[in-house]
């Protein structure tokens, strides 16, 4: 039993973190709400860094890695609130690609999104391909209706007829990828709020010195501390092909979703009116968290999956 | 719309409160854990005061009142943690009695307990009669097994065969009576804890000056403030014969149970180790609250009743 | 105790219901927290006023109908049941008016109240400042005496003034005695936002509406007649009234009863794929709203018997604001992955969710409110 | 990252499991927090010690088997999975021993550790005093120098000493420098409870067991060799060790994993009449226990790589103590009106519930622990 990442995995994590700190500051996230694509413009460079091709075989220009190599990078994409369909593309689509599409996808030459059961395609307007069931289709082959999301970067397109069957593998990889992003979002919202609570003074003292504020933030730290290992454990189960991976992914997504929603609530409450304006950056993270907590199965849906396994002894996930 | 008690009702409440403050101090509750009967010895005097006969017709020596006249008195019995089957006797049995049993019951000459669906008869060992379904039976006519309760005064007797059908009226009157007691218990636990938090010093200040302690107790006050009117409203619905009274009783018992359990948790947490010993009085109230919150339908059971009415449009309570 | 409504109460309800059914705009107006929407809401307020429904609990001379508090509650229930528009006049009617009734001069009452009720003059509040949020006594905006013109000169900045970008006038506290500190030396002013020296900058709220504004004041003249209450006594003036005489609160049970009913409808529409825990959450929201209703009838009966509301108001603010958050959170759970959409019919829930999140923050954060409950209701030491 | 257990780890688990299956007393022993039960538990501790299972992570010379932290976790899982008795030696093994290993003299280690591990000498802690609960620095029990006899004379009162009525020895802090205040001038003493001047009064706990005691000391002589660490440095000594070298905590995941499995069994037995919200609560308790397990493997891997545990320990204490409360609360909900019974098979849940309620209180209330998390993990200002 050794529950830690390798030095290589941590080094890659650090590289991606500093890349995103420099190239994807809040301004980039904010601009994605109003630009043409809803995206960061960093896609090709993420390809160059190998982030998009982690799960692609080396002969396709990928790293030939598994979810252990990817999970920390997706967590970083959440920390930065990177406005890209990176989970759909790198965690779901890339490993399923064949032929010359794989190298292009690994390099960031194309962008692929994935149809969830709701039929709402995140970043669909700017995607080259859409994975529907087990088929990669071009957007123009689909009947799509544009929608606005509370997260201005996501620009979901609604399929007139959502996919009728989605493989367990797709659901698991997408849900775990989103769970990793939610961990990163939670961590960032906690940090932002701690920093604010140290600076903001009321009644002559920093608001962070009030016990109620301390306990709000301690509760977020608690949720994060015990959700994060579930996400990493699920990453190993995916890599290892564990039969119970749907249960492990379910626990991970459920707890990561709850942690992120709690963090958003606490962050807003501690920030007060300032956090309630779109001029301040918090809302960009908060709204991403709201959207992702409900996507690819919310806490209740995954809790139901886990319950069927733990309480009823089911050994396979429910059909969607 | 006039939601207030009459001067007579308040005067009777005050009389009962001061009677119990004088005659049923914590020592009496504590002694009931170890004496022969589990009871206070105040039964005949409660009869004299008219408390037991509130719902009995005047020609039977009762007050010919309704649940509006009784609810505050039951709340007081909870505040004092009175160790008596007063809900079973005064709220359920007395109004059903006929013949010469009624005057005796109203006067406190006999003690009647009631068989709940669980078949556990509170204070059964010292009861003269047991209401089983719609029949008043003598204990020796039943096959009973003695049990110990976490509340040392209750001394439940378990029926080998619990009653197979209990009328809605009995369930509603018992559940509402217990809800009223839970309100009194909650109020008393809150008061005890506020008093302690003012006196107990740590770190050079009263612990009641810590924001975490303040918020624990504010949350109890909140639960109590919004549960109590539901109990009084249900009392009116019972008196008025409102068709939805099972819904109103359900809301009352659910919220009163939750308030009492919350109060017990907060009270113990604020008292700390002191509250964790049986030498201190808190546990007498806490354990009564645990027992009553689960009796005659816990919060979830009544919530289910309410849900069937509000969400599914059912107009009658579920058969037990 | 009699929990049936009297015949006059039932008649009042019936009259309100039929007028609302006939007059509530369909389709619903756009948000009143946008410039266009605000204008449309002012028309609606005018219609309410002309029909005598704008301020039912006020005296007739100011456009009311001398309704009892119980009738006011009934009107609120009917108003939200009918899905009528938000009240863009509410901050004047519910926050300023009670103070005017209690401490204003007859001249001020005659000059201000009818125009406030009709929406001819709309009011926003100017409490918060960049460094005075929860800690209102941190106010630093100044009022300098201008004897020559029998008035005052106000300078400083107010923030988070709801609909400040669209309103005509603002009420707020300013530091009239530079020597005094904290709660002392403040004066309660009524400020014309069209006056010289006032600059208003709209601020975008979480939901994208410009529902907030920053108000910058530079040497703005305010005549003595627009001082409310005694000079330097502004804090006492602002805190004096509970408003319990003519309307309890901005957030009476009616709005939550209506929202809970809509939530139950939403649940029924999604019942097949709703998990059991969300069913429980729906029910809790409904019971919360009903509990708030009965706690309010209980309180109002006491008030009509001559009682006063005190710090218990903090319990009420905590309860409705957290009930509102849970209620909308539950709606979003029912909508699942479609909850993120801010276009289409269901988008009202995401908008309502974001609005609900302001409840535990404004008018004293719920952390402060819990302190108030602990200290002033339960009597725990202030420290 | 490899989340499979190694062959040596699996072999260790198998050995522990088979020994426990063969030796765990059936039926279960009476509570070790009663005089009779305590004696029986001491016999069990002796058997554990003789088989080398009492202190697996200790060096062999003191009765351990030099097991790794990971193996210690595996042993804990197997121990509770087997339904083995409570550890009446735990306060010595988990609270005093790590300090002895880190700061005790070789003489003290040789004299004390084996007898502690075998249960021949049982230890209780003497931290709390009537006016020093959460605020440990409020300690007022005194230690006066007795040069004539090369030792100290202790006087004062200790309270809430778990199993103090049955134990042989007590470790605790006493004020050796009457001039110094708060955390200064305290010394860490090892006290013989059979010595002259010691009076022990049993105190009945919530569940009726005499699991607590008050210890009164009147001029009790303690030789210099029973001072642990430096004189006047007791606070530093008591806080010095995290205990992470030889066992993380009194409450490793194993106990909660086993309790969660029993809860699932109870749920299955009541599934027909269990409402959906309680099903969710059962699942949450199970997932909580599993989350604690993986968070612990995560931490232990870091420790085995040479890391240290710090204030994060407060997060762990909050988590397991509140998980334990929720878990037992859920069991009582499943039992419904029969939960109140304290006789019969299901009574273990009511007893466990009452025991769980001490978790958020002792060893630093969870309110204090949340302050520690906020201040020392997140870096918020102390004030």
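Protein chains in written order, with my numbering: chain U, 547 to 866; chain P, 547 to 866; chain E, 97 to 479; chain L, 97 to 479. No residue lacks a Cβ here, since even glycine has one placed at the ideal position from N, Cα and C. Note that the structure is predicted; figures quoted are calculated from it, not measured.
State yes or no: is the beta carbon of residue i nearer than 7 Å to at least one beta carbon in chain U?
i: residue 719/P; result: no
i: residue 851/P; result: no
i: residue 757/P; result: yes
i: residue 299/E; result: yes
i: residue 247/E; result: no
i: residue 322/L; result: no
i: residue 340/L; result: At residue 340/L the pLDDT is 48, less than 50, meaning the model places this residue with poor confidence; the figure from the coordinates comes in the next sentence. By this cut-off, residue 340/L is not an interface position.
i: residue 166/L; result: yes
Whose Cβ in chain E lies nearer than 7 Å to the Cβ of residue i?
i: residue 836/U; result: 436
i: residue 841/U; result: 433
Given that residue i touches chain L, what residues does it touch there, using C-beta distances under 8 Å?
i: residue 376/E; result: 372, 373
Cβ closer than 8 Å: which chain E residues qualify as neighbours of residue i?
i: residue 768/P; result: 411, 414, 415, 469
i: residue 893/P; result: Given that chain P is displayed from residue 547 to residue 866, the structure contains no residue 893/P and the question cannot be resolved.
Does DSSP put residue i in a helix, in a strand, or in coil?
i: residue 319/E; result: strand
i: residue 606/P; result: helix
i: residue 572/P; result: helix
i: residue 621/P; result: helix
i: residue 812/P; result: helix
i: residue 601/P; result: coil
i: residue 186/L; result: helix
i: residue 652/P; result: helix
i: residue 842/P; result: coil
Give the interface partners of residue i over in chain P, defined as CB-CB distance under 8 Å, in chain order.
i: residue 431/E; result: Simply none; closest approach about 17 Å.
Report yes or no: is there a C-beta of chain L within less than 7 Å of the C-beta of residue i?
i: residue 564/P; result: no
i: residue 822/P; result: yes
i: residue 555/P; result: no
i: residue 592/P; result: no
In chain U, which residues lie with their C-beta within 7 Å of the C-beta of residue i?
i: residue 363/L; result: 857
i: residue 762/P; result: What residue 762/P touches in chain U: nothing, since even the nearest Cβ is about 11 Å away.
i: residue 256/E; result: 819
List, in chain order, every chain P residue whose beta-carbon is nearer than 9 Å to that of residue i.
i: residue 426/L; result: Within 9 Å Cβ-Cβ: nothing; residue 426/L doesn't reach chain P, min ~11 Å.
Drop a sphere of 10 angstroms on the beta-carbon of residue i, count the other beta-carbons inside from all chains shown, and report buried for 16 or more, exposed for fewer.
i: residue 100/E; result: exposed
i: residue 350/E; result: buried
i: residue 480/E; result: In the structure displayed, chain E extends from 97 to 479; residue 480/E sits before or after that span and is not available.
i: residue 342/L; result: Legend: pLDDT at residue 342/L = 48, less than 50; position of this residue unreliable, no value from coordinates given.
i: residue 751/P; result: exposed
i: residue 848/U; result: buried
i: residue 480/L; result: Here chain L comprises residues numbered 97 to 479, so residue 480/L is not present and cannot be evaluated.
i: residue 706/U; result: exposed
Of all Cβ atoms in chain E, is any one closer than 7 Å to the Cβ of residue i?
i: residue 575/U; result: no
i: residue 805/U; result: no
i: residue 352/L; result: no
Would you say residue i reaches chain P, if we count a Cβ-Cβ gap shorter than 7 Å as a contact?
i: residue 423/L; result: no
Using a C-beta to C-beta distance shorter than 9 Å, which residues of chain L count as neighbours of residue i?
i: residue 727/P; result: By Cβ distance, chain L contributes nothing, its closest Cβ being about 15 Å from residue 727/P, past 9 Å.
Residue i versus chain L: which residues are under 7 Å apart at the beta carbon?
i: residue 696/P; result: 436, 438, 446
Quick one: which unbroken alpha helix (DSSP H) runs of 4-plus residues sit fully inside the segment 425-470 of chain E? Chain order, please. 443-452, 462-468
In the segment 336-390 of chain L, which residue ranges form an unbroken beta strand (DSSP E) of at least 3 residues, counting only runs that do not cross its ends? none
If you scan the segment 731-757 of chain P from start to end, which runs of the alpha helix (DSSP H) of 4 or more residues do you find wholly inside it? You should have found no qualifying run.
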